[in-house]
Structure formats: C-alpha cells, structure tokens
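Peer 1:
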Amino acid sequence: MAPSKVNSAGDASVSCSQPENGFLNSLSLLSSEKAVQELLQQSPVQSTDDHLIEFSDAMRTVAKALRRAAEGKASAQAEAAEWKRKYELEKARNLHLEHKGYNFYEKLKSWWTQSSLCNAMGMIRFMLPCLFCLENCKERDRKISEEQSHRENNGGDERTENLASRSNEQSEQCCGSNGICSHEVLRDGDRDSASKVVPNKFARKASFKLSWWCKGDQSDQHKHDIVSFERGNITTAERSSKQISLKWESQPQTVIILTKPNSTSVRILCAEMVRWLREQKKLDIYVEPHVRAELLTESSYYNFVHTWKDETEIMLLHTKVDLVVTLGGDGTVLWAASMFKGPVPPVVPFSLGSLGFMTPFHSERYREYLDSILKGPISITLRHRLQCHVIREAAKNEYETEGPILVLNEVTIDRGISSYLTNLECYCDNSFVTCVQGDGLILSTTSGSTAYSLAAGGSMVHPQVPGILFTPICPHSLSFRPLILPEHVTLRVQVPFNSRSHAWASFDGKDRKRLAAGDALVCSMAPWPVPTACQVDSTSDFLNSIHDGLHWNLRKTQSFDGPRDT
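For reference, each letter of the sequence shown is one residue, going 2 to 567 in our numbering.
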C-alpha cells in the first residue's frame, strides 16, 4: 500500500480530478468557488463605476455640443431676424420713396430749369466782354496785316514787331477792363518760355458757410447757420441757449391750475388762488375734474370753474389755455407736461413739494408773482423733452410704432423683476454705440439730469443746454462711463434675440412697457419744449436749485489761523 500512497502524493497536482483523492479535491474546489464568488461580487461593482464615469463624461461632452449648437442656432436666428427687419425697413423706405418720386421729379425739374436759366444768364454776362475783346483783337490784327503789306518792301519789320507787341498789351488791358477772359478761367496760369507758372492775378480767396445738416426734408429739426467763413475769418453765430424773455402781445385770458393730490394745504391754496384770479384778474380758470368736484363740495361759488371730460378735450387744451400754474413739486410739473402732447403753454411752478429743481416760486407770495407774470415780460427756461417710440419685433416697417410718448425727465430701461443682467444693444444714428450689460440704462434730458440720472452717476447739466444724457445703471464694467450726446441724434435701444430675459421701459416713472427680444425703443428730441417761468433767470434758478435742494458743495470754510505759505 505504501507505493500507492507515494504515487498519489507525488501526482497530487495531476490527480486532483481523480475520484480517489476526494478530500484534497473537495478543499481545492471550495477555495476556487469562494474566489470566483468574490470576483463575481467585487469586480462587477468596480467596472460599473468606471462605466458610469465614462458615460457621464460622454454625456457632458454631448451636452456641451448641444449647448453650442443651440447657441449657434439662436445666433443664426437672431441674425436672420435682423436681416429680415432690415429688409422690411428697406422695402418700406423704397415704397415711401416711390410715393414721393413724382414730387421729387417735379422739384428736381423746376430746380434744374431755374439753375439752367441762372447759369445761362451768368455765362452770357461772362462771355460778352470776352467777345467784345476778341472783336477788337481781330480788328487790330487786320490793321497790322494791312500796314505790314504796304511796308513790306520798305524794311518795316521792326515797326511791325513793335505794333504787334503794342496790340498784345492793349489786348491785355482790354481784358482787364471789361472782365475775366476765358483764357484766364480755363487754366490757373500761363507758362512762359522758362516753363514757370505765372499765377492768375484775378484769383480770390474762397468763402464758405457751415450749417447744421438734417436727414431728409421731413426732419423735425431746423437748419441753423452756426459758422460762417468770410475772407479767411471763421465766426460763430449767436447761440440759442441765451436767456429767453417772454413778452405778452395780448393779455392772457385763460389759466389752468394743476395741483398735487391728497394735500390739504394745496387744496386750500388752490381755492384761494382760484378766487383771487377770478375776482382780481377776471380770468377763465380750468382745473382737473376731481378738483372741480372738491371746490363745488366746498361752495357753489366755484360754478364758473371749467374742466374737461375726455382725452379729446385734453388734446385741445393748448388751443384754449394761456398759462399753466402748478401747485406741488417737480412731479406736478411732470404731470402738467404729460397732459400736453404737442405745444405747451408757459408753466408757472409753485414749490409745495419736498424737492423742487423746477419750482422756483414760493406759494406765500403767489399774488406778487402772478401779477408780475401776467403783466410781463418774464424770463423763461425752455426745457427740452424726449419723444419715444416702441417698435415691436413683429412690426412690418419702422412706421408701425407705439407712441409717441413725451418725457420731460428720462426714459429708463431696466431688468424689472428678473435676476439676470439686462442685455441692450444701443445705436446712435444707426451707428453702434455699445452693448449695455447691467441693471439698465437711462436716457435723460438736461432737465432730468438732477433726477434718476444723477443718482446713477450722471452729471448735472444746465437745463438750457440742448443734449441727451446716456447714463448706465450699475454697469458690469468699470470703464462704462456716462455720455452726453447732442440734441439732433436719434437713439435706438434694442433687446437682442440672445437676451436671457425681457427688459422694461418706463417714461418719467410711469407707463411701464415690456420689451421682448427683438423689440426696440427709439428716442429723439421732441420739437415741443416745456417753457417754465423763471423767478430771476435760467442760470440763477438752476444754481439756486442745486444749492438749496442738494446742498451742492456745502462745506465748512477752512479756518484762517492755520499754517500759511511764507
């Protein structure tokens, strides 16, 4: 039995599959099964994690690619919409020009006829002296040739040359005495035998005149000569921003009184002023409907007071009213200006509010002020207004607009309740200005320079200065500084198609409108300013307002008993 044991022990690695070695084979099988089970339990989990990581990376790559494709698609759609809008605008302009074509042809024909007649008369006046001079020269040449033929055999060559030179001198004298000949006009100078240019002795220094340039005949802006050039001296014309005086040509007959609501002191003063103007000045008086109701509740004496019923009558107020009196603050002046969509009568603003940059008159002396104003003359400030139009993305042409909306202070475009930055594309006369990324943008008049624009970092500007303030609200760029643009430009603020949210536009703090992607807001200077009466003059009232209202540069004076320069 021993040899069999040795053989079984020596062939253990080979005989593990043999049935006679049952004990050893069962142990090896158990160990291999445990190893397989451990592999089955561990390796699939690790390989699954690796596959998930690879799959998530692949999904991120796909998401990035899809995002780029979506951005590219949005950009392409925005560009296509912009080209479509430009095409529609160009088509509308062409149709507009076709309607104006015949009138333009007639104007051009009449202008060409008149200019042709003028040119013909000028050429006739110009050529007559030259023709006269030419005939004289021909007559002298004929006489010289006859004299030369008679003296040909007598050696008169020298005499002939003297006569020829004398005739040339007489010709030059004739040209100079009768006008500018054609040979002096067709070339700048004559060349002598040495090829040196002889300057024209009749040359004069050119003169020119510079004027404001307007786009088209339908522009609301007027052409004004601002610079003239005469004999080399450049001079500027008188500016329009001088102090303006108003003198009544006839006595005022009608006054409208606008008041600040929900104020007992204002209501008492209004009733007192209405009575005084009626009894002492014999004026017709208009008030708002609710103010008339309050006056009639107080006493039936105020039956003579007029009011209006609807928007149609409000539109015609400027044809009836000679003077506007406001009792309140700057907000009341803004309300008064918003009532007049066209020309505005002179406004007399009395200060009954908290801050008054446009209200220089004190209510305690209203009788003295109104008596002086009704007699005249008075100094006034022409406060410019902005004219705004909203053009929707679905508009077929630039004439399909919402508006016009007139603002005295500013128009504000902001992000509203959205948490995203505003994205606004700004153009000035179709030239790209910038893309505003921040809380919004303020387009302000110079009268509104002491309002929201000042709080956003804009400059204070004299109200008589014609211009438009371009002030960003909390821009996401430290280099974005406010601008002041000239009055004749047209500004367009558009929400691009790739903007994350809508924008909102408000006009003097009211009439809020939503601007969706593709919508645009167009602003220009309105042709109807708001004339406000001055207590002293425009400059003095402005400086007093910033001193009293803002305490501008108010500082304790430096002590005199400190160190000094030796």
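We put the CB at the ideal spot given by N, CA and C, even for glycine.
Just to confirm, are Q244 and S448 a CB contact at a threshold of 8 Å?
Peer 2: Start at 1 with the first residue of the sequence shown, and residue 244 comes out as number 243. Start at 1 with the first residue of the sequence shown, and residue 448 comes out as number 447. Against a cut-off of 8 Å, the Cβ pair of S448 and Q244 comes out as no contact.
Peer 1: Ignoring anything shorter than 4 residues, give me the alpha helix (DSSP H) runs that lie fully in the stretch 453-530, in order along the chain.
Peer 2: 453-456
Peer 1: Could you give the distance in angstroms between the alpha-carbon of G550 and the alpha-carbon of D566?
Peer 2: Position 549 of the sequence shown, counted from the first residue, corresponds to residue 550. Position 565 of the sequence shown, counted from the first residue, corresponds to residue 566. The alpha-carbon atoms of G550 and D566 are separated by roughly 37 Å.
Peer 1: Classify T435 as helix, strand or coil using the three-state DSSP reduction.
Peer 2: Numbered from its first residue, the sequence shown carries residue 435 at position 434. If DSSP states are grouped into helix, strand and coil, T435 belongs with the strands.
Peer 1: Considering just the uninterrupted stretch of the alpha helix (DSSP H) at F341, what are its terminal residues?
Peer 2: Start at 1 with the first residue of the sequence shown, and residue 341 comes out as number 340. Looking at the DSSP string, F341 is not in any alpha helix (DSSP H), and its letter there is neither H nor E.
Peer 1: How about V437 and L425: are their beta carbons less than 8 Å apart?
Peer 2: Taking the first residue of the sequence shown as position 1, residue 437 is located at position 436. Taking the first residue of the sequence shown as position 1, residue 425 is located at position 424. Result yes, Cβ atoms of V437 and L425 sit closer than 8 Å.
Peer 1: Check the C-beta distance from G330 over to T360 and give it rounded, since I have them as a contact under 8 Å.
Peer 2: Sequence index remark: in the sequence shown, residue 330 carries index 329 (1-based). Sequence index remark: in the sequence shown, residue 360 carries index 359 (1-based). So it is a contact: roughly 6 Å between Cβ atoms.
Peer 1: Near A452, which residues of its chain fall below 6 Å by C-beta distance, leaving aside the five closest residues on each side in sequence?
Peer 2: As a position in the sequence shown, residue 452 is number 451, starting the count at 1. Taken in chain order, the residues that qualify are N410.
Peer 1: Compute the Euclidean distance between the alpha carbons of L324 and E488, then round it to the nearest angstrom.
Peer 2: Along the sequence shown, one-based indexing puts residue 324 at 323. Along the sequence shown, one-based indexing puts residue 488 at 487. Going by the C-alpha atoms only, they are around 27 Å apart.
Peer 1: What residues in its chain sit with their C-beta under 6 Å from that of R482, if we drop five residues either side in the sequence?
Peer 2: Counting from one through the sequence shown, the residue named residue 482 turns up at place 481. Around R482: no qualifying Cβ.
Peer 1: Could you name the residues that DSSP lists as bridge partners for S380?
Peer 2: On the sequence shown, position 379 is the one that residue 380 refers to. Bridge partners of S380: S246.
Peer 1: Could you have a look at D218 and say whether DSSP puts it in helix, strand or coil?
Peer 2: On the sequence shown, position 217 is the one that residue 218 refers to. Caution is warranted here: a pLDDT of 46 is assigned to D218, below 50, making its placement in the model unreliable, and the coordinate value is therefore given only provisionally. If DSSP states are grouped into helix, strand and coil, D218 belongs with coil.
Peer 1: When burial is assigned at 16 or more other CB atoms within 10 Å of the CB, is S450 buried or exposed?
Peer 2: Locating residue 450 in the sequence shown gives position 449, counting from the first residue. Classification for S450: buried.
Peer 1: According to the Cβ coordinates, are K1 and M316 closer than 8 Å?
Peer 2: Missing from the structure shown is residue 1; the chain here goes from 2 to 567 and no further.
Peer 1: Measure from the alpha carbon of F358 to the alpha carbon of each residue in T472, Q536 and G73, then state which is nearest.
Peer 2: For the purposes of this step, residue 358 is identified with residue 357 of the sequence shown, where counting begins at 1. Residue Q536 is the option with its Cα nearest to F358.
Peer 1: For the alpha helix (DSSP H) containing H307, list its first residue and its last residue.
Peer 2: Against the sequence shown, residue 307 aligns to sequence position 306. Run containing H307: none; DSSP gives neither H nor E here.
Peer 1: Please state whether the Cβ-Cβ distance between V523 and I392 is less than 8 Å.
Peer 2: Your numbering for residue 523 matches position 522 in the sequence shown. Your numbering for residue 392 matches position 391 in the sequence shown. The Cβ atoms of V523 and I392 lie closer than 8 Å to each other.
Peer 1: Is it the case that the Cβ atoms of R502 and S419 are separated by a distance below 8 Å?
Peer 2: What you label residue 502 is simply residue 501 of the sequence shown in a count that begins at 1. What you label residue 419 is simply residue 418 of the sequence shown in a count that begins at 1. Arg is not the amino acid found at residue 502; the sequence shown has Ser there. In terms of Cβ geometry, S502 and S419 form a close pair [threshold 8 Å].
Peer 1: Suppose contacts are defined by Cβ-Cβ distances below 8 Å. Is D285 in contact with H307 by that definition?
Peer 2: Numbered from 1 along the sequence shown, position 284 holds the residue referred to as residue 285. Numbered from 1 along the sequence shown, position 306 holds the residue referred to as residue 307. Cβ atoms of D285 and H307: closer than 8 Å.
Peer 1: Roughly how many whole angstroms lie between the Cα atoms of A82 and A521?
Peer 2: Start at 1 with the first residue of the sequence shown, and residue 82 comes out as number 81. Start at 1 with the first residue of the sequence shown, and residue 521 comes out as number 520. Roughly 13 Å between the two C-alpha positions.
Peer 1: I'd like the span of the beta strand (DSSP E) that includes D566, first residue to last.
Peer 2: Position 565 of the sequence shown, counting from 1, holds the residue named residue 566. Where D566 is concerned, there is no enclosing beta strand (DSSP E), given that its DSSP letter is neither H nor E.
Peer 1: Which whole-angstrom value is the C-beta distance of L259 and D509, which I expect to be below 8 Å?
Peer 2: Here residue 259 refers to the residue found at position 258 of the sequence shown. Here residue 509 refers to the residue found at position 508 of the sequence shown. That belief does not hold up - the Cβ atoms of L259 and D509 are roughly 15 Å apart, past 8 Å.
Peer 1: Three-state secondary structure (DSSP) at E403?
Peer 2: As a working note, residue 403 is residue 402 in the sequence shown. Looking at E403 - three-state DSSP - the assignment turns out to be strand.
Peer 1: For my contact list, R570 and V531 are in at a C-beta cut-off of 8 Å; report their separation, rounded to the angstrom.
Peer 2: In the structure as shown, the chain starts at 2 and stops at 567, and residue 570 therefore has no counterpart that could be examined.
Peer 1: Is the Cβ-Cβ distance between S460 and I485 less than 8 Å?
Peer 2: Within the sequence shown, the letter at position 459 stands for residue 460. Within the sequence shown, the letter at position 484 stands for residue 485. S460 places its beta carbon less than 8 Å from that of I485.
Peer 1: With DSSP as the reference, label E289 as helix, strand or coil.
Peer 2: The residue given as residue 289 occupies position 288 in the sequence shown. Three-state result, E289: coil.
Peer 1: So for H225, helix, strand or coil by DSSP?
Peer 2: Position 224 of the sequence shown, counted from the first residue, corresponds to residue 225. Any answer about H225 is weak, because its pLDDT of 46 lies below 50 and its placement is not dependable; what the coordinates show is given next. DSSP places H225 in coil when its eight states are reduced to three.
Peer 1: Give the straight-line distance between the Cα atoms of T413 and P564, rounded to the nearest whole angstrom.
Peer 2: Mapped onto the sequence shown, residue 413 falls at position 412. Mapped onto the sequence shown, residue 564 falls at position 563. Answer to the nearest angstrom: the Cα atoms are 50 Å apart.
Peer 1: May I have the straight-line CA-CA distance separating Q388 from A59, to the nearest angstrom?
Peer 2: Here residue 388 refers to the residue found at position 387 of the sequence shown. Here residue 59 refers to the residue found at position 58 of the sequence shown. Answer to the nearest angstrom: the Cα atoms are 55 Å apart.
Peer 1: Alpha carbon to alpha carbon, what distance is there between G73 and E89?
Peer 2: Position 88 of the sequence shown, counted from the first residue, corresponds to residue 89. Position 72 of the sequence shown, counted from the first residue, corresponds to residue 73. Roughly 24 Å between the two C-alpha positions.
Peer 1: Let me make sure I understand the geometry here. Which of A64, D542, C271 and R386 has the alpha-carbon closest to that of W529?
Peer 2: Counting from one through the sequence shown, the residue named residue 529 turns up at place 528. Ranked by Cα distance from W529, the first of A64, D542, C271 and R386 is R386.
Peer 1: Just to check my reading of the structure: K1 and T255 have Cβ atoms closer than 8 Å, yes? What is that Cβ distance to the nearest angstrom?
Peer 2: A query on residue 1 cannot be resolved here, the shown segment of the chain reaching from 2 to 567 and no further.
Peer 1: Using DSSP's beta-bridge definition, name the partner residues of F543.
Peer 2: Sequence index remark: in the sequence shown, residue 543 carries index 542 (1-based). In the DSSP output, where bridge partners are listed per residue, F543 has none listed.
Peer 1: Measuring straight from C-alpha to C-alpha, what distance separates F543 and A338?
Peer 2: In the sequence shown, counting from the first residue as 1, residue 543 sits at position 542. In the sequence shown, counting from the first residue as 1, residue 338 sits at position 337. Those two C-alpha atoms are separated by around 19 Å.
Peer 1: Using three-state DSSP, classify I441 as helix, strand or coil.
Peer 2: Here the question's residue 441 lines up with position 440 in the sequence shown. Residue identity differs from the one stated: residue 441 is Gly in this sequence, not Ile. Three-state result, G441: strand.
Peer 1: Alpha carbon to alpha carbon, what distance is there between E280 and V349?
Peer 2: The residue labelled residue 349 in the question sits at position 348 within the sequence shown. The residue labelled residue 280 in the question sits at position 279 within the sequence shown. Roughly 20 Å between the two C-alpha positions.
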